[in-house]
Amino acid sequence: MVEVKTLVSNPVLVIGAGVAGLTAATQLADFGIRTVLVDRLPIVGGNAMDLYKAFPTDDCSYCFEGSRLRPGIRKCFYRSAILDQPNIDLKVNTEVTEISGSPGKFQAKLSVGPQYIDSKKCIMCGLCIECSNAFCLPSPQCQPQAVIYDPEMSDEGAKKAEEECPTKAINLGAQPSEETIQVSDIVIATGYHEMKPVSIDEYGYGKIPNVVTQLELAQILDPNGKSGGALVRPSDGGQVKRVMMVQCVGSRDENYYPFCSKICCVYALKHANIITLERDGTQVTVVYMDIRTYDRHERYYRVARDAGVRFVRGRVSRLEACADGTLDIIAYDSLLDKYLKFNVDLFVLSSALEPPKGSAELIESLSLHPASGFVGPADLTSENAVVAADHVYVCGAATGPAEIPESVTQARAVVSMILQSRK
Amino acid sequence: MTETEEKADPPAVMIEPIDISKLDPDFREGIRSMPNGEELSACFACSTCTAACPIASTWKYKPHQLIRMILLGMRKEVLSSEEIWLCLTCFECQERCPQNVRVTDIFFDCKNLAAEEGMIPDSIVGLARELTDKGQLYVVTADWEREDMDLEPEVPGLSTEEFKTILKGTRTGRIVGGDE
Ligand SMILES: Cc1cc2nc3c(=O)[nH]c(=O)nc-3n(C[C@H](O)[C@H](O)[C@H](O)COP(=O)(O)OP(=O)(O)OC[C@H]3O[C@@H](n4cnc5c(N)ncnc54)[C@H](O)[C@@H]3O)c2cc1C
Ligand code: SF4
Ligand code: SF4
Ligand code: SF4
Ligand code: SF4
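Taken in order, these protein sequences are the chains called A and B. My numbering puts the first residue of the first sequence at 2, with every later residue one more than the last. My numbering puts the first residue of the second sequence at 219, with every later residue one more than the last.
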């Protein structure tokens, strides 16, 4: 092991600091490989930051089962990885704008956003948040452990905070910068984006406040969230008594994304079960075309039926917002060949998981194979699904919708490939 | 401020939808709490039961639909359906159900519930009356066959009187007893 550590020094660029990118970066770093980890957001964790309980085990430890050296839940894991591992150079608010050079010797141009807050200095005392709404703490466990600043909301209070910050961590005049780094390998871990289904008129998303997506529901259910995990209506904070979910919104639809987003059935039922079993007396109805709780996740479907979640195979035919904030919904039940009428407080859309912004450019700049907009393998017939090109790897939801355990497994495969290539 | 958006009447719906709030969730729980209903909620509407059933092709509500209606709480529709009475209790559906739903037994329970509420088809009441009136369902009439086989014309020792008395005190008697 020690030998490996001294042998290698060419840094690896990991794009995206979700579970996949974090796993790849920390494991590479643990093996002595310098890693530059970039994410365009101010905090790491990606989409998994907002998940309350995670399938398949309803906690977080599963995904890092192999990381015995770093026990604990997902968020603690990030902390120990990012604070303690000197081989990781974490750059948040950062995007890769250009990639040139040749495999093994890439030049990557990074555009680094203004570093308004020095995360090494911030002690999260909260003074700035008291002074101005421009500062906020995205989550008590966020990484880096620091507040974030939104320049668009700047006011007099922000200037006061800058002066009074006990550790002088604030610099409102910070400017964006650019740097070019040379890297040996590139790991694409850019994940997914949950589609905002504004253009699917029949569901009223974006117009009716009590129509939300699954990821937005996850945020409502998160004990760290605004309502402390209470299931409340976005329109007025009132308690939710009846929920309806609709599956395959924008997925398996030639007008949007022809593919199945693969995990929405599982997390929809995860949410349905949490609501039915942990939020007293709340009735959940799921309107679906097929329930695809693949392999071991069938358990969620079985538990949901047992818990009394109502399933309607069919589609929503009409939705109407009522004056009291509820929604009147008529759904067609294709099994009964009948129309059913419901009144619900919250309408949740299982919206398609699409490639994040910038994927097409990234794929083009490295001449990769697109797979429904995500990053496909270099060789479809090879077992190396994580090899996207010579010295370019892909893992996690950047390959297409993927669950956390799968994302982590792929990240480890990438680490193993890079280590082998350097032997 | 001017009222720009006129409140339009909701577009007419041709078929009145079934109002879920008017259904009876206790029906589902009631059936589920009976010994045969343990696996009721496991049904995922695969329709294996309907595929297995030898006679459902002529039914308005197929077995998987009836189970679904129970799950939704459509008490009135299920208990007044003629299908539960047309069921042959052949157990084909129950044998094949991949989720161990006791389809046949549940339909049987439905018949009992329907009977308790007096919802029994006339043909069934007729059968019950036959039973209480005669003390037996099939009266032996083919005397010549018995003769060919060297049997006495009457079934020896057959006495239907006791049966009539006993049946009067049972549910069968009560079903018929309405006109007493
Ligand atoms: C509602 C919901 C519930 C879920 N529940 C579960 C669950 O219970 N269990 C489970 O296993 N999975 C669950 N998932 C799936 C889980 O979110 C994903 O498996 C996981 O987030 C994938 O991690 P990732 O690192 O591949 O991608 P992401 O989490 O998407 O992270 C990608 C990161 O890359 C960054 N990025 C993207 N493009 C760029 C770029 N060009 N430059 C710089 N940075 C970039 C993003 O900002 C992001 O931080 C759920 C998903 C949803 C939507
Ligand atoms: S005042 Fe300074 S140290 Fe305190 S939370 Fe704000 S930035 Fe951090
Ligand atoms: S996982 Fe389920 S909801 Fe998602 S696209 Fe596939 S079938 Fe539809
Ligand atoms: S076979 Fe069983 S699971 Fe399938 S529809 Fe019939 S009762 Fe339901
Ligand atoms: S038991 Fe009844 S419902 Fe089941 S297969 Fe036989 S006839 Fe059909």
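In this text, a Cβ means the ideal position worked out from N, Cα and C, and glycines have one as well. Owing to the predicted nature of the structure, the values given are computational and were not obtained by experimental measurement.
Self-check item: Tyr289 (chain A): first and last residue of the uninterrupted alpha helix (DSSP H) it sits in
Solution: From DSSP, Tyr289 (chain A) is part of no alpha helix (DSSP H) but of the beta strand (DSSP E) over Gln284 to Tyr289.
Quiz item: Cβ of Gln283 (chain B) less than 8 Å from any chain A Cβ?
Solution: Answer yes: the Cβ-Cβ gap between Gln283 (chain B) and chain A drops below 8 Å somewhere.
Quiz item: Any idea if Cys403 (chain B) is buried or exposed, counting beta-carbon neighbours within 10 angstroms, 16 or more meaning buried?
Solution: Residue 403 (chain B) is absent from the model: chain B starts at 219 and stops at 398.
Quiz prompt | Inter-residue Cα distance where the pair is Thr382 (chain A) and Ile34 (chain A) | solution = Taking the straight line from one Cα to the other gives about 30 Å.
Quiz item: If you run the structure through DSSP and keep just helix, strand and coil, what is Gly336 (chain B)?
Solution: Coil at Gly336 (chain B), not helix or strand.
Quiz item: Looking only at its own chain, which residues have a Cβ that is under 6 Å from the Cβ of Val393 (chain A), when we skip the five neighbours before and after it?
Solution: Contacts found: Ile187 and Leu367.
Quiz item: When every heavy atom of ligand 1 is checked, does at least one fall within less than 7 Å of the C-beta of Asp223 (chain A)?
Solution: No, the Cβ of Asp223 (chain A) stays beyond 7 Å of every heavy atom of ligand 1.
Quiz item: Is the closest heavy atom of ligand 2 to the C-beta of Thr95 (chain A) under 7 Å?
Solution: Thr95 (chain A): no, Cβ never under 7 Å from ligand 2.
Practice problem: Return no unless some Cβ of chain B is closer than 8 Å to the Cβ of Lys339 (chain A). | Solution: It does: the Cβ of Lys339 (chain A) has a partner Cβ on chain B nearer than 8 Å.
Quiz prompt | Contact shell at 7 Å, judged by CB to any heavy atom of ligand 5, ordered along the chain | solution = One residue list follows from the rule of a beta carbon closer than 7 Å to any heavy atom of ligand 5, given in chain order as B:Cys267, B:Ala270, B:Cys271, B:Pro272, B:Ile273, B:Ala274, B:Pro281, B:Cys305, B:Leu306, B:Thr307, B:Cys308, B:Phe309, B:Glu310, B:Cys311, B:Gln312, B:Val321, B:Thr322 and B:Phe325.
Exercise. Could you run through the segment 239 to 263 of chain B and flag, in chain order, every residue whose CB is less than 7 Å away from some CB of chain A?
Key: Shown in chain order are the members of the segment 239 to 263 of chain B whose Cβ falls below 7 Å from a Cβ of chain A: Ser239, Ser259, Ala260, Phe262 and Ala263.
Practice problem: Using a Cβ-Cβ cut-off of 8 Å, state whether Ile118 (chain A) counts as contacting chain B. | Solution: With respect to chain B, the C-beta atom of Ile118 (chain A) has no partner C-beta closer than 8 Å.
Quiz item: Curious, which full-length alpha helix (DSSP H) runs of at least 4 residues does the segment 284 to 359 of chain B contain?
Solution: Segments of the alpha helix (DSSP H) lying fully in the segment 284 to 359 of chain B: 293 to 297, 301 to 304, 310 to 314, 321 to 334 and 340 to 352.
Quiz item: In chain A, what lies closer than 7 Å to Pro235 (chain B) by C-beta?
Solution: Among the residues of chain A, those whose CB is under 7 Å from the CB of Pro235 (chain B) are Ile331, Tyr340, Leu341 and Lys342, following chain order.
Quiz item: What does a CB cutoff of less than 6 Å around Pro115 (chain A) pick up in its chain, not counting 5 residues either side in sequence?
Solution: Annotation for Pro115 (chain A): Ala175, Gln176 and Pro177 place their beta carbon closer than 6 Å to its own, counting only its chain and skipping 5 residues before and after.
Quiz item: So what does DSSP say about Glu248 (chain B), is it helix, strand or coil?
Solution: Per the sequence presented here, residue 248 (chain B) reads as Gly, with Glu not at that position. The answer is helix: DSSP assigns Gly248 (chain B) an H, G or I state.
Quiz item: Which residues of chain B have a Cβ atom closer than 9 Å to the Cβ of Asp202 (chain A), listed in chain order?
Solution: Those within 9 Å of Asp202 (chain A) in chain B number zero; the least Cβ separation is about 15 Å.
Self-check item: Test item: CB-CB of Ile16 (chain A) and Val39 (chain A) under 8 Å
Solution: Val39 (chain A) sits close to Ile16 (chain A), with the two beta carbons spaced by under 8 Å.
Practice problem: Please check if any C-beta of chain A sits within less than 8 Å of the C-beta of Glu221 (chain B). | Solution: Note on Glu221 (chain B): pLDDT 46, under 50, position unreliable in the model; no value is reported.
Practice problem: State the start and end residues of the unbroken alpha helix (DSSP H) segment that holds Ile89 (chain A). | Solution: Taken as a continuous stretch (DSSP letters only), Ile89 (chain A) belongs to no alpha helix (DSSP H), being part of the beta strand (DSSP E) at Ile89 to Lys92.
Quiz item: Going along the chain, which residues of the segment 273 to 299 of chain B sit with their C-beta nearer than 8 Å to a C-beta in chain A?
Solution: Among the residues of the segment 273 to 299 of chain B, those with a Cβ less than 8 Å away from any Cβ of chain A are His282, Gln283, Arg286, Met287, Leu289 and Leu290, in the order of the chain.
Practice problem: Check whether the Cβ atoms of Val233 (chain A) and Ile221 (chain A) sit closer than 8 Å, and answer yes or no. | Solution: Yes; because the gap between Cβ atoms is below 8 Å, this pair is in contact.
Self-check item: Neighbouring residues, chain C, relative to Asp307 (chain A) (Cβ below 8 Å)
Solution: Given the protein chain composition of this structure (A and B), no chain C is represented.
Quiz item: Any contact of the segment 329 to 343 of chain A with the segment 280 to 288 of chain B, i.e. 3+ C-beta pairs under 8 Å?
Solution: Three or more Cβ pairs drawn from the segment 329 to 343 of chain A and the segment 280 to 288 of chain B lie within less than 8 Å of each other, which places the two stretches in contact.
Quiz item: Is the CB of Arg314 (chain A) under 8 Å away from at least one CB in chain B?
Solution: With 8 Å as the cut-off, Arg314 (chain A) counts as an interface residue toward chain B.
Quiz prompt | Same chain only: Cβ atoms within 7 Å of Ala26 (chain A), ignoring 5 sequence neighbours per side | solution = Same-chain partners within the cutoff: Val15, Thr36, Leu38 and Ile89.
Quiz item: Is any beta-carbon of chain B found at less than 8 Å from that of Arg300 (chain A)?
Solution: For Arg300 (chain A), not one C-beta of chain B is nearer than 8 Å to its own C-beta.
Quiz prompt | Minimum Cβ-Cβ distance from Arg423 (chain A) to chain B less than 8 Å | solution = By this cut-off, Arg423 (chain A) is not an interface position.
Self-check item: Cβ-heavy atom distance, Cys266 (chain A) to ligand 4, below 7 Å
Solution: No, Cβ of Cys266 (chain A) sits at least 7 Å from all heavy atoms of ligand 4.
Practice problem: Assuming Val288 (chain A) and Arg319 (chain A) form a contact by the criterion Cβ under 8 Å, report the distance between their Cβ atoms to the nearest whole angstrom. | Solution: Actually they do not touch by this definition, with Cβ atoms about 12 Å apart.
Practice problem: Could you tell me the distance, in whole angstroms, from the CA atom of Ala322 (chain A) to the CA atom of Glu301 (chain B)? | Solution: Cα to Cα, Ala322 (chain A) sits roughly 39 Å from Glu301 (chain B).
Quiz item: Rounded to a whole number of angstroms, what is the C-alpha to C-alpha distance between Lys110 (chain A) and Pro87 (chain A)?
Solution: Their backbone Cα atoms lie some 22 Å apart in a straight line.
Exercise. Look at the alpha carbon of Arg69 (chain A) and the alpha carbon of Phe56 (chain A), and state the distance between them as a whole number of angstroms.
Key: Caution applies to Arg69 (chain A), whose pLDDT of 47 falls short of 50 and renders its modelled position unreliable; the model cannot decide the point.
Quiz item: Is the Cβ of Arg303 (chain A) closer than 8 Å to any Cβ of chain B?
Solution: For Arg303 (chain A), the answer is yes, since a Cβ of chain B falls inside 8 Å of its Cβ.
Quiz item: Using a Cβ cut-off of 7 Å, which residues of the segment 257 to 281 of chain A contact any Cβ in chain B, in chain order?
Solution: Per Cβ criterion, the list is empty.
Quiz item: What are the start and end residues of the beta strand (DSSP E) that includes Asn344 (chain A)?
Solution: Start and end: Lys339 to Val345.
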